[in-house]
């Protein structure tokens, strides 16, 4: 294929071949050695889209030679939208006094779980805002309420775990021990945003820093929980920050092996404070928060984190069509049916997929759909 | 790599024409990265990094149609609750809005109305041309042209001559669907045949008017019938050279009489990419963002596409069938989307004259 590309070597997002074929060399070595932040950023910026796709597809194939693409029937339940974090990229959070602030009632929770079970759902993804009055007792009560039903509970991202610890004067270890004792099965990788404190200072100054996020994950893995890791990109970060995020997740995984999947998705600007920020427009143009940028980041994620078996597409932010294409840019998991999704929907994005559509989409791409009942296998 | 694809790749690289078997092999493969690479190569050899768009406005003067095709959610029978026909005033108001937004084109297509005389269409064109001489009038599919010739009792040449006199600038490419009579019989039995569609277009081109060509895919057609459709377009284009762009249209099933899921991203990209690779005598391949959504439209710029149509403003036909995309994109949104894909945005007029070119964006 090299011949075909000669004379048409496309830069990824605009800048023209200033570094010649340097991306080629980095891409060739990406399999065998951990690239530097600078090299990874250069790949993001300059490697042609299809070169990234091919390299990522090779990694995906070697990890999943059977061509299986998994998905899960589960439901997102957001127990509250009240949050003291107030991140500028978030359209979901509310002040406690806001007219549409809510805390889910026990009854509403039960109804959602019963619906999920009746749809063949096997898991609940439980996440919420950092409620000023919530500590470990409230969290435990919620976990027990969910676990009255025969359903897996994937819940509480690191900022929530940290918040419960703070409110209740406990260590992270103690919080996780108690949540697990109450029935928690695994921990989602949300709240990672970009694991670079310079970016976090701009978009989520009141949220835990990257090392605290990592500390929660290390502790969860130490206690034998499997977790996912996520990345929200396309806000104000430079490619170097994305690269740093990916390499930090890779290094963590080298130490713990506890991440079952990696899930990158794009910032959704609708109804957020950040989208009104005058500095945002320029960052958005230069950034990766669009469909082509998404495919580039997805592929580089697959390349840079070969030690996490599963990379998941985000049809919730990208739609079924681009998500399907993502299966050729390194992804091997189609995520979940969601049933209900509130956070991205607050930003005005409302893609929907049924189990049937997910299965048909995977098949159409030439892959074998595989229904899983919990997080993807981590080994 | 499959052997067939290796041969195709060599042909693409050498600039040789692909056969129908090649096109079929491309439709069947799931090596989408290879197809994309080839289509991108073929596109950039023709068009470089430039991606065109147009500031335009769609006007659908009536949804009343005597054809009632199975795949269409837009058409209504006269007297039905949602049937409408715009008055001249309503048409002019839309044109006025378009003019204020510096549109260079009005795109006018509608149903086959049982009562409106041919003169109505001539009058519409004349009035628009007089009031808004700066806007190009791209109007009437081949299906409407054939209908005009029947209701007016005129030959195609006479119809086209009069429309041109009245201000018609060019024709869109709709109504082509899939030429295969078997498919047509199932999805649009009342509509003119594929042969007739091509005959009308040949007359259009002979009259010195340019047009586009479409293909409606993702309903009951086979891959073979898609290739047959494209073969016939390529043959006519060899004779006339009058087609400006090829526009594959994704079938939208909602509110139609055809039970089918939405087209997939792969299906959309393959139709565009095979279009680029097989239709070597077409200058432009257009991905209509209304049809496939802005995100896939952006991705398609790497799959052989060099045109993403326009600002549109008001779109009734695909939205009647459940299209999820909005009805309007601003110039700045279109420009950003093209630049983010690493390409150079060029605002064009209907016949691909450059209205404005944006500089290469530097990271």
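Residue numbers (our numbering), protein chains in the order written: chain A, -5 to 373; chain B, 289 to 651. Glycine is no exception: its CB is placed at the ideal position from the N, C-alpha and C atoms.
Secondary structure remark: continuous beta strand (DSSP E) runs of at least 3 residues inside the region 336 to 375 of chain B, in chain order: 338 to 342, 344 to 347. Linking residue 344 (chain B) to residue 393 (chain B) through their CA atoms gives a straight-line distance of about 5 angstroms. For residue 581 (chain B), the closest Cβ of chain A is nearer than 8 angstroms.
At least 8 angstroms separates the beta-carbon of residue 58 (chain A) from that of residue 301 (chain A).
Residue 262 (chain A) is positioned such that its CB atom lies no closer than 8 angstroms to that of residue 553 (chain B).
Those residues of the region 324 to 341 of chain B placed with their C-beta closer than 8 angstroms to a C-beta in chain A are 324, 325, 326, 328, 329, 332, 333, ordered along the chain. Membership of residue 407 (chain B) in the alpha helix (DSSP H) is indicated by the continuous run 406 to 419. Scanning B:507, B:452, B:582 for the CA closest to the CA of residue 473 (chain B) turns up B:507. The beta carbon of residue 436 (chain B) is closer than 8 angstroms to those of 406, 409, 428, 442, 447, 451 in its chain, skipping five residues each way along the sequence. For the region 29 to 113 of chain A, the continuous beta strand (DSSP E) assignments of 3+ residues that do not extend past its boundaries occur at 62 to 66, 68 to 72, in sequence order. In the three-state scheme derived from DSSP, where H, G and I count as helix and E and B as strand, residue 600 (chain B) is classed as coil. Scanning chain B for C-beta atoms nearer than 7 angstroms to the C-beta of residue 355 (chain A) yields 552, reported in chain order. For residue 625 (chain B), at least one C-beta of chain A is nearer than 8 angstroms to its own C-beta.
Across the structure, residue 44 (chain A) and residue 321 (chain A) are spaced so that their CA atoms are roughly 13 angstroms apart.
Straight-line measurement puts the Cα of residue 425 (chain B) at about 31 angstroms from the Cα of residue 558 (chain B).
Taking each of B:641, B:602, B:551 in turn and checking the Cα distance to residue 396 (chain B), the smallest one comes out for B:602. Rounded to whole angstroms, the gap between the alpha carbons of residue 137 (chain A) and residue 152 (chain A) is 16 angstroms. The Cβ-Cβ distance between residue 339 (chain B) and residue 631 (chain B) falls below 8 angstroms.
In terms of beta-carbon proximity, residue 359 (chain A) lines the interface with chain B, with at least one pair separated by less than 8 angstroms. Interface flag for residue 318 (chain A) against chain B is set, since a Cβ pair is found closer than 8 angstroms. Note on geometry: alpha-carbon atoms of residue 31 (chain A) and residue 383 (chain B) lie some 53 angstroms from one another.
Non-local beta-carbon contacts of residue 493 (chain B) in its own chain, meaning distances under 6 angstroms to residues more than five positions away in sequence, involve 528, 530 in chain order.
By the rule that beta-carbons nearer than 8 angstroms mark a contact, residue 307 (chain A) does not touch chain B. DSSP places residue 329 (chain A) inside the beta strand (DSSP E), whose first and last residues are 327 to 330. Against chain A, the CB of residue 321 (chain B) has a partner CB under 8 angstroms away; the residue lies at that interface. In terms of Cα proximity to residue 350 (chain B), the closest of B:459, B:362, B:467 is B:362.
Not a single C-beta of chain B is nearer than 8 angstroms to the C-beta of residue 15 (chain A).
In the three-state DSSP reduction, residue 461 (chain B) falls in the coil class, being neither helix nor strand.
Separation of residue 525 (chain B) and residue 534 (chain B) (C-alpha to C-alpha, rounded to the nearest whole angstrom) is 11 angstroms.
Between the beta-carbon of residue 327 (chain B) and that of residue 561 (chain B) there is about 4 angstroms, and that keeps the pair under the 8 angstroms contact cut. The shortest CA-to-CA distance from residue 514 (chain B) to any of B:497, B:538, B:496 is the one to B:538. Of all residues in the region 276 to 297 of chain A, only 278, 279, 280, 281, 282, 283, 284, 285, 286, 287, 288, 289 place a beta-carbon less than 9 angstroms from a beta-carbon of chain B. Among the CB atoms of chain B, none fall inside 8 angstroms of the CB of residue 133 (chain A). Nearest CB-CB separation between residue 584 (chain B) and chain A: below the 8 angstroms threshold.
Within the same chain, Cβ atoms closer than 7 angstroms to the Cβ of residue 578 (chain B) are found at 600, 603, 606, 611, 613, the five residues on either side in sequence being excluded. Residue environment for residue 545 (chain B): exposed (fewer than 16 other C-beta atoms within 10 angstroms of its C-beta).
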